[in-house]
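For the sequence shown, the numbering used here puts the final residue at 127, and the numbers step up evenly by one.
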Amino acid sequence: MSAAVQRADEQQDEVDIEEIKKAIVSALVTRTVLPPYEELCDLHKALLEHIQTMMPLAEKRIDRLNRGTVAWYSKRSRLNTIPHEVAQGLGPGLRSAEWHVRSLGYTCQFLLNNSGLTQEHDR
Numbered sequence: 005m006s007a008a009v010q011r012a013d014e015q016q017d018e019v020d021i022e023e024i025k026k027a028i029v030s031a032l033v034t035r036t037v038l039p040p041y042e043e044l045c046d047l048h049k050a051l052l053e054h055i056q057t058m059m060p061l062a063e064k065r066i067d068r069l070n071r072g073t074v075a076w077y078s079k080r081s082r083l084n085t086i087p088h089e090v091a092q093g094l095g096p097g098l099r100s101a102e103w104h105v106r107s108l109g110y111t112c113q114f115l116l117n118n119s120g121l122t123q124e125h126d127r
């Protein structure tokens, strides 16, 4: 087994999938009242950590797809937007913070689905 493959396997073993799923559910839950800003800040921080963990895994799997196909192009395009989304921050108010956290939740779901960490990949 090559060193790169072994590192990728070790990285996958260290990922807490249940923690990621919990953060995604918290980010995507339908709210009737906006949560406290501190709660959104904590969730934002957790989502950013999960994104950082899963980005290389998803990128590796997506880059194995046939380049030029619709599947590769659409997934690669989505991957390319993530650094810009992450850099935006929570925004000036509670509503923008809630919207950004929700957006990061969808990003985490995309990365989880394409990371190879679950059986539900390649959607």
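All C-beta atoms in this analysis are idealised placements derived from N, C-alpha and C, irrespective of residue type, glycine included.
For leucine 115, the enclosing alpha helix (DSSP H) has its first and last residue at 98-118.
In this structure, cysteine 112 sits away from isoleucine 21, with a CB-CB distance that is not shorter than 8 angstroms. The beta carbon of valine 90 is closer than 7 angstroms to those of Leu52, Ile55 in its chain, skipping five residues each way along the sequence. Under the three-state reduction of DSSP, glutamine 92 is assigned to coil, being neither helix nor strand.
Residues of the same chain with a CB within less than 7 angstroms of the CB of leucine 44, apart from the 5 flanking positions on each side, are Leu94, Ala101, Glu102, Val105 in chain order. When Thr36, Asp46, Leu83 are compared, the shortest CA-CA separation from isoleucine 28 is found for Asp46.
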